[in-house]
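Numbering (this note's numbering), first residue to last: 400 to 690.
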């Protein structure tokens, strides 16, 4: 079991501030500060440089060394408290469209796998997922865009084709290819699917004239799509989910395919190692390489 001081120290580092650590630990910020001071007094060294007027925290050399020790102790503690025959536990984060339309079969397989894997699912944007993986607050993440980091292992999972999504129309079939340039940009229910997608989007439609409404989830599209002229662009996993409820058609010129990446920390928690191995096996089964 971790000492109160070590637990507080880890919460401060993982949250990036004393105030956010106090929120996570459900204690006051002054209590967090006191615990840190007591830990530093016990160790006989300063762990964190705290400068007035600066929000960011900086670990001292002693703090960096103690962080490695504290993380190892936490992992050992979690591993000792887990069932030896279990598959461990995983905290998984994904962008909304992945969690709703792409990953449910993967999660169902994890839930029925022997040994069992305990799962916590969270929804975040891609940049948040990377940040949480970096701070080891997520064990695995599914993100569209990724920035290089020495602490993060990136595994391509799948690339998805995009489709035009509209209400069903008489005389039009899903086999038709639609010229993207004839679509009225003012009728778009717009989702930003990432930088490469937006580069394509802005080449087709003048960004100064487009979008009366911008959304961040596909579920919002289904609630807002009520006129024949309205349209949206969504990945093929959305098309597969809704089937004939909406009209889905390919576009010309086509948008660049959407990549989905699996992100994990280069040094995962010990209690997550088994679960990550199982997760990778399941992902390889559902999404073979080059799929």
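Even glycine gets a Cβ: it sits at the ideal position worked out from N, Cα and C.
No experiment lies behind these values; they were computed from the predicted model shown.
Per DSSP, residue 640 is one residue of the alpha helix (DSSP H) stretching across 635-641. Secondary structure at residue 653: coil, using DSSP grouped into helix, strand and coil.
Relative to residue 530, the option among 670, 433, 550 and 519 whose CA is nearest is 550. Your pair residue 645 and residue 567 checks out as a contact, with CB atoms roughly 7 Å apart and the cut at 8 Å.
Runs of the alpha helix (DSSP H) spanning 4 or more residues and lying entirely within the segment 484-543 occur at 503-511 and 525-533, in chain order.
By DSSP's assignment, residue 552 forms a beta bridge with 663.
In the DSSP annotation of this structure, residue 645 is not part of any beta strand (DSSP E), being labelled neither H nor E. If you look at residue 564, you'll find it in the beta strand (DSSP E) that goes 561-565. As the crow flies, the alpha-carbon of residue 506 is around 8 Å from that of residue 518. Judged by pairs of C-beta atoms under 8 Å, the segment 592-612 does not touch the segment 675-683, as fewer than three such pairs exist. Just measuring C-alpha positions, the residue of 468, 527 and 562 sitting nearest residue 545 is 527.
DSSP places residue 423 in the helix class (H, G or I) of the three-state scheme.
Residues 495 and 499 of the same chain have their beta carbon placed closer than 8 Å to that of residue 618, with the five preceding and five following residues left out of the count. As a beta-bridge residue in DSSP terms, residue 558 pairs with 658. Within 10 angstroms of the beta-carbon of residue 578 lie fewer than 16 other beta-carbons, which makes it exposed.
Residue 411 is classed as buried because its beta carbon has at least 16 other beta carbons within 10 Å across all chains shown. In its chain, beyond the 5 residues on either side, 444, 445, 446, 447 and 448 have a beta carbon closer than 8 Å to the beta carbon of residue 459.
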